[in-house]
Every structure is written in structure tokens, then in C-alpha cells.
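As C-alpha cells, the structure follows; a few thoughts come after it.
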Amino acid sequence: MVNAAVGIVLLFAQLSGPGASLPQVMEPSYSSAAVSAGKGEVTVSFDVKKGYVINRVPSIQLKLDTIEGLTLTETSMTSSPDDPKSTDEYYVDVPMFDLAVASGKSGKYEIPGKLVYFFCSKADGFCSRQVVDVKIPVTVE
Numbered sequence: 000m001v002n003a004a005v006g007i008v009l010l011f012a013q014l015s016g017p018g019a020s021l022p023q024v025m026e027p028s029y030s031s032a033a034v035s036a037g038k039g040e041v042t043v044s045f046d047v048k049k050g051y052v053i054n055r056v057p058s059i060q061l062k063l064d065t066i067e068g069l070t071l072t073e074t075s076m077t078s079s080p081d082d083p084k085s086t087d088e089y090y091v092d093v094p095m096f097d098l099a100v101a102s103g104k105s106g107k108y109e110i111p112g113k114l115v116y117f118f119c120s121k122a123d124g125f126c127s128r129q130v131v132d133v134k135i136p137v138t139v140e
């Protein structure tokens, strides 16, 4: 029994390799992160690493934590699976999220959260779910 368990552990270690982990396939970028007069919008867009595609279903999810000093209109956003350019299950144009924020106090903030999406490698057909920590920078003027 113990030998079987050790064999399974060794098999998984060989399959994943030493220190192997998934690459971060989709990197968020932020524009319009300056909020004037206490209200504004931050656009979260995404850059996808070459050789990978992002699945339309399940949808991309952005889940944000609330922080003191900022009011968010939404803390959980989900992308639409619709992409008029797509002829398969992957996005041609990865959707963006528009986040409305408000604050009565000027300063620099970071909104922590999680980005959840599914991706596939075109070269080897490998697909996986990925969860990435994000921090959205916001400056209130």
C-alpha cells in the first residue's frame, strides 16, 4: 500500500517536473486610473501571452475586495461569452472591464482582487484554469 502511494507521488513529480508551474498567460493592464473630482472609471484590459488563447466559456471573472476610502459600483464582474469575430470557443478580442469608483478623499489606492479564467495552449492542446492575484491602481485627485 505504501509502495503504491510512493509510486503515485513519484509519477506526478515526473509529470510536472521540478518546480514546474503554469505560466501566467493573461496579464491585466489598467488605463484611466486617475479619478477626478471623486468619481471616475478604471478600464481593465488584458494582454495574452503569444501561443495561448482564452476560453469564452467559462467566462472571465474579476472579483475585487472592498477597501477603505473607495466605493466600487461592482466587486464581481463576469465577461460576456459573445465575440462576433470568434468562430470557435476562444476570444479573438479579449473583453475589457470598466470599473466605476468613487472617493471623497484624494490619494493613491490599490484594489486587490482575483482574476479567474480558462486558457489553452495552441501548440500542445493543454488547457487549464488560472487564478491570478491582481492589484488595480487608482489615484484620486
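Going by numbering that gives the first Met the number 0, the sequence shown opens with residue 0, and the numbers climb by one from there. We put the beta carbon where it would ideally sit given N, CA and C, even for glycine. Quick caveat, the model's predicted, so the values are computed rather than measured.
Check: Are the beta-carbon atoms of Tyr108 and Ile53 separated by less than 7 Å?
Finding: no
Item checked: Buried versus exposed, by CB contacts within 10 Å (16 or more), Pro94 -> buried
Margin query: Applying the 10 Å Cβ sphere with the 16-neighbour rule, what's the burial state of Gly124?
Written below: exposed
Check: The beta strand (DSSP E) spanning Arg128 covers which residue range?
Finding: 126-139
Notebook entry, point to check: Taking all protein chains shown into account, do 16 or more other C-beta atoms lie within 10 angstroms of the C-beta of Ser105, making it buried, or fewer, making it exposed?
Noted result: exposed
Next item on the list: Using DSSP bridges, identify the partner residues of Thr42.
Entry: Ser30, Asp97
Next item on the list: Confirm, please, whether the CB-CB distance from Ser102 to Gly50 is below 7 Å.
Entry: no
Notebook entry, point to check: Assuming Asp46 and Ser75 make a contact with CB atoms under 8 Å, what is their CB distance in whole Å?
Noted result: The Cβ separation is near 22 Å, so there is no contact.
Item checked: Cα-Cα separation, Thr138 to Ile66 -> 14 Å
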